[in-house]
Amino acid sequence: MIATLLVIVQVVVATAITPLLLGVMRQVRARMEGRVGPGVLQPYRDVRKLLAKEPLRADGSSGVLIAAPLVLLVSSLMVVALVPLVTTANIPAVPNDLFVVVSILLIGTVALALLGLDAGTAFGGMGSSRHMMIAALVEPTVLMSVYALSIPVGSSTLSKIVVARGADVTRVVTPAGLLAVVALVVVVLAETGRLPVDNPSTHLELTMIHESMILESGGRDLAWLEVGSWLRLTALLGLVVNLALPWGLADSAQPLAVLVAVVAFIVKLLVAGALVAAAEVFMAKVRLFKVPELLAGSFVLAFLAVTASYLAG
Amino acid sequence: MNPFHLLKLITRAGRFAEPAPPAPAADAEHPMPQSLRGSVQVRHVDTGSCNGCEIEIGAAFGGVYDVERYGARLVASPRHADVLAVTGVVTHNMVEPLLRTVEATPRPRLVIAIGDCAHDCGLFAGAYGVAGSVSDFVDVDLEVPGCPPRPEAIVEALRRVTGR
Amino acid sequence: MTAVGGLVTVMTLTGLAVVLAFVVPQRYRSLASGGASMGIGIAGIFTGIAAMTSVPKAVLVIPIAIPGGLGLDPLLLSPTPLGGVFCVVVGAVGAVAALYGIGYAHGPAASRSGWSAFAVFLLGMLIVAAAGDVVSFLLGWETMAIASTVLLLADHAVRPAVRPAAVWYAVMTHLSFLSLATGFALVASTAHSTTFTQIAAAHITGPTGIAAFLLLLVGFATKAGLVPLHVWLPRAHPEAPSHVSALMSAAMVKLGVYGIILLTGTWLPDVSRPFAILVLALGVLSGAYGILQASITSDLKRLLAYSTTENVGLAVTAVGVGMLLSNAGQDAVAAIALVAALLLVVSHAAFKTVLFLGAGTILHATGERDLDRLGGLVRSHPVTAWTFGIAAMGAAALPVTSGFGAEWTLLQALVHGDGRANITLALALPVTLGLMALTIGLGLLTFVKAFGTAFLARPRSAAAATPAPEFTSMPGSAAMGVAQAIGALAVIGLGLAVGPVATGLSSVLGYTGIVTSELGGLRLVTIGVLDPYALGLLALGLALPVALLVLVVRRRVPRRVTDLAWGCGGARTSPRMEYTATSYAEPLVRVFGEALRPTRSLEVSHLAEDHVLENRVAFAQQVTDIVEDRWYAPAVGWLRFAGDQARRVQNGSIHRYLGFSFAALVVVLIVVTLP
Amino acid sequence: MNASLTSSLVTTAVGVLLLTAVLQTWRRSAAGSVRLLVIQGLALATLVAALGASRGDVQLLVVAGVVALVKAGLLPWALGRTATGRLVERDSAVRPAIGLLGATVLTMFAYAVSDPLRGGDQSAAARAIPAGMALVLIGFWILLTRHSAVSQLVGFVVLDNGIAMVAFLTSDGLPLTVELGATLDVLLVVVILRTLTTRMRNTHGSTSVDDLTELRD
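Chains as they are written, first to last, in the numbering used here: chain A, 1 to 313; chain B, 314 to 477; chain C, 478 to 1152; chain D, 1153 to 1369.
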């Protein structure tokens, strides 16, 4: 019961904070580019506006156009509920096992890919194809880094991993742990379509991955899509942050602990987001066929992490 | 480029956006849709421009005039757009695309005709390829005069919509 | 019904089906004989369940009476619990496929021979799964092989492509039979018995055991379609009638896995121990290679065939992991890996049946199985779209379908195996996980491509634009839809009931570490819990506020329908501008260029007036099965050469033949005169 | 110095050595490779120092100093002079992804073969031996897959680091003189090759060793 309560708190907080995270990231980028920037609250305004606009449906497009955005949104919400962001407690029947989390992420990925194919336009299919290729090539890195992190704990349950890492600092700074987290960062960038894998602010269809799949959606459909993808970013970034700094999470329902956890989470998340945005200023999007190289690199890191924790560690 | 060098450049350049001029007064007889306040996605449609206006639009969205600070953003698809920024005379080949683009934009939507050509075909009036001005085909909500219009003018027009 | 009773029923029904196939007139043949075949399937299910639960084991002894009374052992059919599992799989797939066939079978497939072969095929597979001794096993195996070849040949008159496929299939399947027969001969002669129980009791070791092990492994791997013995699969499955492809891919191939499990677990466990890595490598490579080929092909049924190789590969991977872990003494996790293998078998049977049946419906409606020429079928074929979609989710191992639970279990086994035990594990486990992850990822892409290009978007050809209606007034056209629906329900059902199913399967293996969790989910004791219901509840709980929000918003702003999708303002966007299955897979072809070796050709013809202006550009790309090109083609060539040489020996001249016999006589004389 | 700290130091140093070696197969810019070499040299020095501290062996500490000086100072400096920050021409014979995976496979291979070699010994130092082997193999791998002379040098140095590492971990450290001699030899080789590289670039614009087979000018 208490666990459920904590999870609800986590979902509410994460969902509420997500547009702010995007706002902060855009603002940081704008400032570093010498611009003023629309302010950190802009994403809230965008979503409100999108909900007030009429969605369009092209004659001949199927129900996927309407269903996919909602599927993406709900799957992202599930991920937010499962990943330990604010609390390490989890609903006993649904432990946040990482393989489950990953496969729920994949549901959202598939929904997006089908949406891209649905309209039958050239760009949609292109984006869908690239999106799925990257998703497929990311998979090994994801599972491998999970594996590396799970070895010292002997469980693939996220909250256990985070708790164990929080318990003794030496776990965090072992080479294995570091490698795994670095690999996971690359994964997060690829999964959430950030630079250098995908450019979230591009207007050129030919360079798009994520954008070109949602070209066909407008109004609330677009709103669901945007929020859904943002929530993915929140969940994954929050997960990485909590693996790197596994402190301050609430495991009980004491108001004070929960408050501390919420504040700690918000601060950690926003700082991490700002750092990512700042790093992106220094990066250019790599060519599509350089992406596999990047992923191979991160896979090797994760693999060395596993080997290290079995043999050298 | 070496990141440290870039960082040095960034710090030296600092913020080079112009200070914001006072917000334009909302005019009473053409009220802007309430739902677009604060956030406006712009899709640019070139129906046969000399690209003078494009340069100015580029400037308006660039770092110096930075219309994004008022909540306006360029987007890639009219499905995402609230405002269609139409530039240039409407050539015969662009009539249908223009109409389709307007059709493809979800309501509430605005059409801003940017530049004299979009307003009344400018110097291209009567040229053989010209089908007419924008208002001949779609109803225009705002017009930005000038050949090409100054970025400030474009920024002001968009600020009227966002109301910031 | 007891297992014996079930087996007797199966045989009776087979006879009935054959008789009906011959006596009933054309119009009602499919209905009658197909109905009887369904009966066979259902009887098979009951037999299997009885065998899984029955203690003591049921035994059906069929004495072979040959005039002149050679002392042949009687046939011994005593389905073990494990065999029962496979009886259920075969029976269920058979029943659904038969039901589908009632509506689908036409032309040769619905002929007398067609339906009798179908029934006999089912019987053969059930006998294999129920066999208690070598002879009946081989008998069933050969029955199965011959019947399936007949079925495969159904369309040989209309489609020339069938013949080479049938030749490949016949050759490979008989190579498999040959190596099996030899292997069994070795085993039986060493154990001085042909019954499996005594073979297991003999604890055969030494070079004989190793030889037998390798022979049997090759035989089963061929039938299971494991790389590099998979070449018959992508040829046979596409050319067979779809309900037969379903039966082959979802049921027959599984018997290869059954054989491998028996071989490594019961018959020659001591010998197979050191070969754990070999089995694992076979599985992992088949998984990765199969799905890679599946992801780039644009022929729907070929895609499904390669994905069969992948899934069987995953099952064998699980077996290999189990062997490795038990070698390292980690028996609990090893058992979980074995349960995962069975789960994979069962779930694959479910979704691959539906997928092949769906492909059949598409073929039936459009006459196309090339994804590049399909599209937009979701509007004309909603039922097929839904069932195919669900099954595709199962194949992509998405929650909460059957495939998900199975792969989750295998992943848990991998992660919880302790790599510190020995260097082999420490290296094998991560590599397996990595390749398996790649397999899963590519599988996702493959089935998004298959579903998206076949059912979504706009039709890419005239045939796809005007498909035959999903349901006609034709007798039994509803049967096709019903069969697919049943299969799809099974996919979901197995996903939801993963707890009970896994518990049942583990009890078959005599393992108790897997229990059903509070809400009916799957709990691996001390490892983890997977609860589909809880997941579903969570999803519902989170979907509720979203749904409310949607309701509120849509009342305020209704949806508007426009005429065209956004094509950059152009009205003349033709379907040819769409992404096809081939273009969808193009990035992969480039990324895995080293592994796939595509052959590309680019022809640019210039205008006569100006050599700069291009008249037309023709680009062709072909990706063939590299294993086939590199390994089989040379072998076939060598055989041809040898054949030519051999022909030179007999040129029809009587004198040469006399010479041969003379030489033979001399040799014989020399031999006999030797002290 | 207590044992746990030593062992964790050793583990970290080994991890860094291995990682830098693998990354060498990824980097394409000479400057980057040289930077990695610096890190690698420092890691090696740390390793030696840690071993020295654990064995209470002053000589090893001295050696550590020498290693730091030469491997993290002189060698990279000499190489850096050759590379002068400019990008090496795309000189890898295989795609970087393949190169990386190759390095991984070699690492696995190293662990597989040197498992018997380390026997039952479970100390951090013993567990680090395979990493040394991996360095040696990866060094060869770089030598095999790269064309440019600078990359060849880098591979050579990685190889040498691996040898040194194994030597330190298996024996109780080489005698000071031997280690000095070896290190100085490497330095000498690098200096000679450096002059050679400069000559090559002057004669025919690239430093690709393939060009040594055919002179085009």
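Glycine included, C-beta positions come from ideal geometry on N, C-alpha and C.
Because the structure is a prediction, the values reported are computed rather than measured.
Neighbourhood of Phe654 of chain C by C-beta, 8 Å cutoff - its chain only, sequence neighbours within 5 removed: Scanning its chain for C-beta atoms nearer than 8 Å, with the 5 sequence neighbours on each side dropped, one finds around Phe654 of chain C the residues Leu615, Trp618, Glu619, Ala622 and Gly696, in chain order.
Do Ala183 of chain A and Ala305 of chain A have their C-beta atoms within less than 8 Å of each other? Yes. Within cutoff.
Can you look up Gly116 of chain A in the DSSP assignment and give me helix, strand or coil? The answer is helix: DSSP assigns Gly116 of chain A an H, G or I state.
Name the chain C residues whose beta carbon is nearer than 7 Å to that of Met78 of chain A? For Met78 of chain A, the chain C residues whose Cβ falls inside 7 Å of its Cβ are Leu1015, Ala1016 and Leu1019, in order along the chain.
With Val263 of chain A as the anchor, note down where its alpha helix (DSSP H) starts and where it stops. Counting along the chain, the unbroken alpha helix (DSSP H) around Val263 of chain A starts and ends at Pro255 to Val281.
Return the first residue and the last residue of the beta strand (DSSP E) that Val474 of chain B is part of. Per DSSP, Val474 of chain B lies in no beta strand (DSSP E) segment; the continuous alpha helix (DSSP H) that holds it begins and ends at Pro464 to Thr475.
Gly1044 of chain C in three-state terms, based on DSSP: In the structure shown, Gly1044 of chain C falls within a coil segment according to DSSP collapsed to helix, strand and coil.
Separation of Ala1301 of chain D from Asp1369 of chain D, as counted between CA atoms: Bear in mind that a pLDDT of 45 at Asp1369 of chain D, under 50, signals an unreliable position, so the number given afterwards is only what the model happens to contain. C-alpha separation (whole angstroms): 19 Å.
Bridge partners for Ser1060 of chain C per DSSP, in chain order? Its beta-bridge partners do not exist; DSSP assigns none.
My parser needs the beta strand (DSSP E) runs of 3 or more residues fully inside the segment 353-401 of chain B; what are they? Along the segment 353-401 of chain B, the beta strand (DSSP E) occurs as fully enclosed runs of 3 or more residues at 353-359, 385-387 and 396-400, listed in sequence order.
Contacts around Gly1237 of chain D, its chain only, beta-carbon distance under 6 Å, and the 5 residues preceding and following it disregarded: Bear in mind that the predicted position of Gly1237 of chain D carries a pLDDT of just 46, short of 50, making it too unreliable to give a figure here.
Name the chain D residues that come within less than 8 Å of Leu904 of chain C, Cβ to Cβ? Against chain D, a Cβ distance below 8 Å from Leu904 of chain C picks out Met1260, Tyr1263 and Ala1264.
Roughly how many whole angstroms lie between the Cα atoms of Gly248 of chain A and Gly972 of chain C? Cα atoms of Gly248 of chain A and Gly972 of chain C: separation of roughly 37 Å, rounded to the nearest angstrom.
Cβ of Asn900 of chain C within 8 Å of any chain D Cβ: At residue 900 of chain C the sequence reads Ile, which differs from the Asn that was named. Closer than 8 Å: yes.
Under a Cβ-count criterion, where at least 16 other Cβ atoms within 10 Å of its own Cβ denotes burial, should Arg382 of chain B be classed as buried or exposed? With 16 or more other Cβ atoms within 10 Å, it is buried.
Does the beta carbon of Leu82 of chain A come closer than 8 Å to any beta carbon on chain D? Contact with chain D is absent for Leu82 of chain A, since none of that chain's Cβ atoms lies less than 8 Å from the residue's Cβ.
Test: Arg1238 of chain D CB closer than 8 Å to a CB of chain C: No answer about Arg1238 of chain D holds up, because its pLDDT of 49 lies below 50 and its placement is not dependable.
Return no unless some Cβ of chain A is closer than 8 Å to the Cβ of Arg935 of chain C. The beta-carbon of Arg935 of chain C is placed less than 8 Å from the nearest beta-carbon of chain A.
On the criterion of 16 or more Cβ atoms from any shown chain inside 10 Å, does Gly361 of chain B qualify as buried, or is it exposed? Buried.
With burial defined as no fewer than 16 other Cβ atoms inside 10 Å of the residue's Cβ, what is the status of Cys460 of chain B: buried or exposed? Cys460 of chain B counts as exposed, since fewer than 16 other beta carbons sit within 10 angstroms of its beta carbon.
Can you confirm whether Glu845 of chain C, when its beta carbon is compared against all beta carbons of chain A, has any partner nearer than 8 Å? Closer than 8 Å to the CB of Glu845 of chain C there is not a single CB belonging to chain A.
I'd like to check one pair, Arg850 of chain C with Arg779 of chain C: are the Cβ atoms closer than 8 Å? Contact check for Arg779 of chain C against Arg850 of chain C fails: the beta carbons are separated by 8 Å or more.
Against chain B, with Cβ distances strictly below 8 Å, would Gln42 of chain A count as a contact? Output row for Gln42 of chain A: interface = yes.
Do you know offhand how far Thr530 of chain C's Cα is from Thr685 of chain C's? A direct Cα-to-Cα measurement between Thr530 of chain C and Thr685 of chain C gives close to 35 Å.
What do you reckon, are the CB atoms on Val495 of chain C and Ala574 of chain C nearer than 8 Å? Cβ distance not < 8 Å, so Val495 of chain C and Ala574 of chain C don't count as in contact.
Every unbroken beta strand (DSSP E) within the segment 545-604 of chain C, with a cutoff of 3 residues, ordered by chain: If we require 3 residues or more, the beta strand (DSSP E) runs fully inside the segment 545-604 of chain C come out as 552-554.
Specify, as a first and last residue, the run of the alpha helix (DSSP H) that Thr993 of chain C falls within. No alpha helix (DSSP H) holds Thr993 of chain C; the beta strand (DSSP E) holding it covers Ile991 to Thr993.
Taking only the alpha-carbon atoms, compute the straight-line gap between Ala713 of chain C and Ala836 of chain C and give it to the nearest angstrom. Those two C-alpha atoms are separated by around 15 Å.
For a cutoff of 8 Å on Cβ pairs, would you count Glu1241 of chain D as touching chain A? Interpretation of Glu1241 of chain D is limited by its pLDDT of 48, a score under 50 that renders its predicted location unreliable; no figure is taken from the coordinates.
Measure the C-alpha to C-alpha separation of Ala389 of chain B and Ala927 of chain C and round it to an integer number of angstroms. Cα to Cα, the separation comes out at about 28 Å.
Under a three-way DSSP split, which group does Gln1099 of chain C fall into? Reduced to three states, the DSSP call for Gln1099 of chain C is strand.
Assuming Leu724 of chain C and Thr786 of chain C form a contact by the criterion Cβ under 8 Å, report the distance between their Cβ atoms to the nearest whole angstrom. The Cβ separation is near 17 Å, so there is no contact.
Can you round the beta-carbon distance between Val964 of chain C and Thr1076 of chain C to whole angstroms, since I take them to be within the 8 Å contact cut? The residue asked about is misnamed: residue 964 of chain C is Gly in this sequence, not Val. Contact doesn't hold; Cβ gap of about 38 Å is too wide.
Less than 8 Å between the beta carbons of Val64 of chain A and Asp97 of chain A, yes or no? It is not a contact, given that the beta carbons lie outside the stated cut-off.
N- and C-terminal bounds of the beta strand (DSSP E) containing Ala426 of chain B: Bounds of the beta strand (DSSP E) holding Ala426 of chain B are Leu423 to Ile427.
In the DSSP assignment, find the beta strand (DSSP E) that holds Phe1077 of chain C and state where it starts and stops. Going by the sequence as given, residue 1077 of chain C is Arg instead of Phe. In this chain, the beta strand (DSSP E) harbouring Arg1077 of chain C covers Thr1076 to His1083.
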